[in-house]
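To convert, count from 1 in the sequence shown and add 13; that's the numbering used here.
We put the beta carbon where it would ideally sit given N, CA and C, even for glycine.
Given the structure is predicted, the values throughout are model-derived calculations rather than measurements.
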Amino acid sequence: MAPPPSLTRSRLLGPGFLALGLTALGALAARQPTSPTVVPAPSSGGLWTLDATRGLLARVHLDARRVDALVPAAAGTTAVLSTAHALLQLGPAGLTPVDPCTLRQGLPFTLPEGSRIALGADRLAVATPDGAVRVLDATALPPGGLTSVAPAHRAATGPCPIVVDLHGGAHLLDGTTLHSLPRRDVASEIIPRSAIDLPGLTADPAALELSTVGEHPIVLDREHRLLRTPGRVLDPSRHGVTDLASARLQRPGPDAADILVATGDALIALPRDGSAPRRRPAGASAVPLPPVRTRHGACGVWQDPARVLRCGPEHAPQLFDLPSLPADASLALHAQGDLLLLEDRRSGWCHVLDEDPASLELGPELTILQEQR
Numbered sequence: 014m015a016p017p018p019s020l021t022r023s024r025l026l027g028p029g030f031l032a033l034g035l036t037a038l039g040a041l042a043a044r045q046p047t048s049p050t051v052v053p054a055p056s057s058g059g060l061w062t063l064d065a066t067r068g069l070l071a072r073v074h075l076d077a078r079r080v081d082a083l084v085p086a087a088a089g090t091t092a093v094l095s096t097a098h099a100l101l102q103l104g105p106a107g108l109t110p111v112d113p114c115t116l117r118q119g120l121p122f123t124l125p126e127g128s129r130i131a132l133g134a135d136r137l138a139v140a141t142p143d144g145a146v147r148v149l150d151a152t153a154l155p156p157g158g159l160t161s162v163a164p165a166h167r168a169a170t171g172p173c174p175i176v177v178d179l180h181g182g183a184h185l186l187d188g189t190t191l192h193s194l195p196r197r198d199v200a201s202e203i204i205p206r207s208a209i210d211l212p213g214l215t216a217d218p219a220a221l222e223l224s225t226v227g228e229h230p231i232v233l234d235r236e237h238r239l240l241r242t243p244g245r246v247l248d249p250s251r252h253g254v255t256d257l258a259s260a261r262l263q264r265p266g267p268d269a270a271d272i273l274v275a276t277g278d279a280l281i282a283l284p285r286d287g288s289a290p291r292r293r294p295a296g297a298s299a300v301p302l303p304p305v306r307t308r309h310g311a312c313g314v315w316q317d318p319a320r321v322l323r324c325g326p327e328h329a330p331q332l333f334d335l336p337s338l339p340a341d342a343s344l345a346l347h348a349q350g351d352l353l354l355l356e357d358r359r360s361g362w363c364h365v366l367d368e369d370p371a372s373l374e375l376g377p378e379l380t381i382l383q384e385q386r
């Protein structure tokens with residue numbers, strides 16, 4: 014276990030600067046949005062986090078270890094969905110987009126209650142309770158609303174599990190059939206889709222989790238303690254991994270030879286060819302978050318107690334406890350390229366995770382925590 018981090022303070026963002034920045038950004042956000050006709054260039058070097066207490070969206074520039082943009086959050090925002098191309102605020106009524114290049118806030122986009130959503134690259138997939146699945150351009154949501162877009166698929170029951178890979182391809186589970194819808198540049202473009210039956214898959218939606226490794230869809234079936242991929246059934250119990258009741262499947266990530274699964278006390282890499290998995294212990298049992306993979310490593314996070322485990326080919330696994338968190342912390346782990354950000358959505362506290370761990374606390378004073386060497 015690594016020693017606890019030491020605290021150093023940096024006054025990179027003073028109260029006066031914060032107030033001035035919010036005034037300017039508030040005026041900017043109030044302008045009427047324009048609908049881009051092409052996918053914008055990816056934003057560089059940052060990930061977005063939510064400070065629900067102060068009502069702010071903040072872009073953390075991970076290389077510079079600072080917040081380089083602040084935007085007032087739309088009323089009722091509970092989470093932020095972002096990629097290098099798109100930034101969406103999630104609230105009780107649906108979505109409110111923000112252009113990540115101009116920081117202009119768009120018009121609210123209403124979704125039916127109980128809808129499932131997934132964001133990848135510049136594509137947003139929405140599965141509604143009536144079984145309809147639509148794939149939208151997340152950078153230019155249609156002004157006519159969701160019903161102005163024809164469904165790409167209609168499931169027997171809904172809303173069905175859905176995920177979007179890093180390239181913008183959508184994947185969904187309609188009962189025991191796994192459908193893959195490759196990304197389309199224009200609505201009229203016809204791209205072959207695939208449908209693969211997964212016989213014996215549990216009928217309990219709560220026991221299923223869907224994700225992707227590269228463009229390959231992966232299904233975690235907790236009830237039967239199996240992982241399913243097109244053409245293969247992976248049985249971790251053959252190698253001694255039997256506790257999948259509270260397991261979390263990795264978030265969509267780059268192509269790799271294995272699949273990441275976090276259990277209550279370990280980060281497990283399950284080879285897609287069915288060979289023996291690699292198990293990295295995480296200490297005492299805790300509640301796992303979905304692990305993430307970067308191009309050069311993997312990361313798992315657990316709550317109660319809060320700890321982080323990072324693995325990579327160039328260094329030994331690193332396990333360290335996080336600083337004390339608020340009792341009502343709502344943690345989420347994000348990845349963009351090789352950049353990782355752990356955030357508490359309620360307080361605005363966030364933790365940058367890379368080769369040189371550091372954390373950022375959003376507020377009038379920017380606090381940087383660095384691991385002791």
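DSSP state of A348 mapped onto helix, strand, coil: Translated into positions along the sequence shown, residue 348 becomes position 335. Three-state result, A348: strand.
task: Please state whether DSSP places T255 in a helix, a strand or coil.
output: To locate residue 255, count along the sequence shown from 1; it is residue 242. Three-state DSSP puts T255 in coil, outside helix and strand.
- prompt: Less than 8 Å separating the beta-carbons of V146 and L185?
  reply: The sequence position of residue 146 within the sequence shown is 133, counting from 1. The sequence position of residue 185 within the sequence shown is 172, counting from 1. In this structure, L185 lies closer than 8 Å to V146 by Cβ.
field: Identified DSSP bridge partners for A289
entry: Taking the sequence shown and counting its residues from 1, one reaches residue 289 at position 276. Bridge partners of A289 according to DSSP: none are assigned.
- prompt: If we count the other Cβ atoms within 10 Å of its Cβ and call it buried at 16 or more, is S360 buried or exposed?
  reply: On the sequence shown, residue 360 is found 347 positions in, with the first residue counted as 1. Classification of S360: buried, given that the 10 Å Cβ count is 16 or more.
Straight-line Cα distance separating D357 from L366: Locating residue 366 in the sequence shown gives position 353, counting from the first residue. Locating residue 357 in the sequence shown gives position 344, counting from the first residue. Computed Cα separation, rounded: 14 Å.
- prompt: In whole angstroms, what separates the C-alpha of R44 from that of P174?
  reply: On the sequence shown, position 31 is the one that residue 44 refers to. On the sequence shown, position 161 is the one that residue 174 refers to. Reliability fails at R44, whose pLDDT of 34 lies under 50, so the model's placement of it is uncertain and the value that follows must be treated cautiously. A direct Cα-to-Cα measurement between R44 and P174 gives close to 36 Å.
field: Per-residue DSSP class, three states only, for S128
entry: Position 115 of the sequence shown, counted from the first residue, corresponds to residue 128. Of the three classes helix, strand and coil, the one that applies to S128 here is coil, per DSSP.
message: Just to confirm my understanding: we take L221, look at its own chain, exclude 5 residues before and 5 after, and list those with CB closer than 8 Å. What are they?
response: Position 208 of the sequence shown holds residue 221. Cβ within range, chain order: P174, L186, L214, T215, V232, L233, D234, R235.
- request: Locate the beta strand (DSSP E) running through D64, then write down its first and last residues.
  value: Locating residue 64 in the sequence shown gives position 51, counting from the first residue. That run of the beta strand (DSSP E) goes 59-64.
task: Ignore the nearest five residues each way along the sequence and tell me which others in L338's own chain have a CB closer than 7 Å to its CB.
output: The residue you call residue 338 lines up with position 325 of the sequence shown. Taken in chain order, the residues that qualify are A319, D357.
field: Where P304 falls: helix, strand or coil (DSSP)
entry: Residue 304 sits at position 291 when you count from the first residue of the sequence shown. P304: coil per DSSP, three-state reduction.
- prompt: Going by DSSP, which residues form a beta bridge with H184?
  reply: Mapped onto the sequence shown, residue 184 falls at position 171. Paired residue(s): V176, S193.
- prompt: Is L120 buried or exposed, if buried means 16 or more other CB atoms sit within 10 Å of its CB?
  reply: Looking up residue 120 in the sequence shown gives position 107. Burial check for L120: the Cβ neighbour count within 10 Å stays below 16, so the residue is exposed.
message: Could you compute how far the alpha carbon of L83 sits from the alpha carbon of S95?
response: In the sequence shown, residue 83 corresponds to position 70, counting from 1. In the sequence shown, residue 95 corresponds to position 82, counting from 1. The C-alpha of S95 is placed about 15 Å away from the C-alpha of L83.
- request: Return no unless some Cβ of chain C is closer than 8 Å to the Cβ of Q102.
  value: The structure shown contains no chain C; it is built from a single protein chain.
field: C-alpha distance - L159 paired with S343, whole-angstrom precision
entry: As a first step, residue 159 is located in the sequence shown; it is residue number 146 there, counting from the start. As a first step, residue 343 is located in the sequence shown; it is residue number 330 there, counting from the start. Spanning the two alpha carbons is a distance of roughly 29 Å.
message: Quick check: the segment 314-333 against the segment 69-78, are at least 3 beta-carbon pairs closer than 8 Å?
response: When Cβ pairs closer than 8 Å are counted between the two stretches, the segment 69-78 is seen not to touch the segment 314-333, the count staying below three.
message: In whole angstroms, give me the CA-to-CA distance for L354 and A275.
response: Locating residue 354 in the sequence shown gives position 341, where the first residue counts as 1. Locating residue 275 in the sequence shown gives position 262, where the first residue counts as 1. If you draw a straight line from the Cα of L354 to the Cα of A275, it is about 18 Å long.
- prompt: Considering only residues of the same chain and omitting the five flanking positions on each side of A260, which have a CB-CB separation below 6 Å?
  reply: What you label residue 260 is simply residue 247 of the sequence shown in a count that begins at 1. The answer, listed in chain order, is V274, T276.
task: Consult DSSP for T160 and reduce its assignment to one of helix, strand or coil.
output: The sequence position of residue 160 within the sequence shown is 147, counting from 1. Looking at T160 - three-state DSSP - the assignment turns out to be helix.
field: Exposure of A311, with buried meaning 16 or more beta-carbon neighbours within 10 Å
entry: Counting from one through the sequence shown, the residue named residue 311 turns up at place 298. Classification of A311: buried, given that the 10 Å Cβ count is 16 or more.
- request: State the beta-bridge partners of H229 as determined by DSSP.
  value: Against the sequence shown, residue 229 aligns to sequence position 216. Partner(s): V226.
- request: Take R290 and list the residues in its own chain whose beta-carbon comes closer than 8 Å to its own, dropping the five residues that flank it on each side.
  value: Translated into the one-based positions of the sequence shown, residue 290 becomes position 277. The residue you asked about is not Arg; residue 290 is Pro in the sequence shown. These residues qualify, in order along the chain: P249, H252, V254, D271, I281, A282, L283, P284.
field: Alpha-carbon spacing of P164 relative to E202, whole angstroms
entry: For the purposes of this step, residue 164 is identified with residue 151 of the sequence shown, where counting begins at 1. For the purposes of this step, residue 202 is identified with residue 189 of the sequence shown, where counting begins at 1. Here the alpha carbons of E202 and P164 stand approximately 15 Å from one another.
field: Where T123 falls, given that 16 or more other Cβ within 10 Å makes a residue buried
entry: Your numbering for residue 123 matches position 110 in the sequence shown. Here T123 is exposed: its Cβ has fewer than 16 other Cβ atoms, across all protein chains shown, within 10 Å.
- prompt: Tell me which same chain residues have a C-beta within less than 6 Å of the C-beta of R292, skipping the five on either side of it?
  reply: Stepping through the sequence shown from its first residue, residue 292 is reached at position 279. The residues are A279, I281.
query: Relative to the alpha-carbon of A168, which residue among L70, V139, T152, G182 has its alpha-carbon at the smallest distance?
result: Along the sequence shown, one-based indexing puts residue 168 at 155. With distances taken between Cα atoms, A168 lies closest to V139.
- request: Classify A87 as buried or exposed, calling it buried when 16 or more other Cβ atoms lie within 10 Å of its own Cβ.
  value: On the sequence shown, position 74 is the one that residue 87 refers to. Burial check for A87: the Cβ neighbour count within 10 Å reaches 16 or more, so the residue is buried.
message: By alpha-carbon positions, which one of R245, H237, V177, L154 ends up nearest to D210?
response: By 1-based counting over the sequence shown, the position of residue 210 is 197. The shortest C-alpha separation from D210 is found at R245.
task: If I'm right that V111 touches L70 with Cβ under 8 Å, what's the distance once you round it to whole angstroms?
output: Start at 1 with the first residue of the sequence shown, and residue 111 comes out as number 98. Start at 1 with the first residue of the sequence shown, and residue 70 comes out as number 57. Their Cβ separation, rounded to whole angstroms, is 7 Å, which keeps V111 and L70 in contact under 8 Å.
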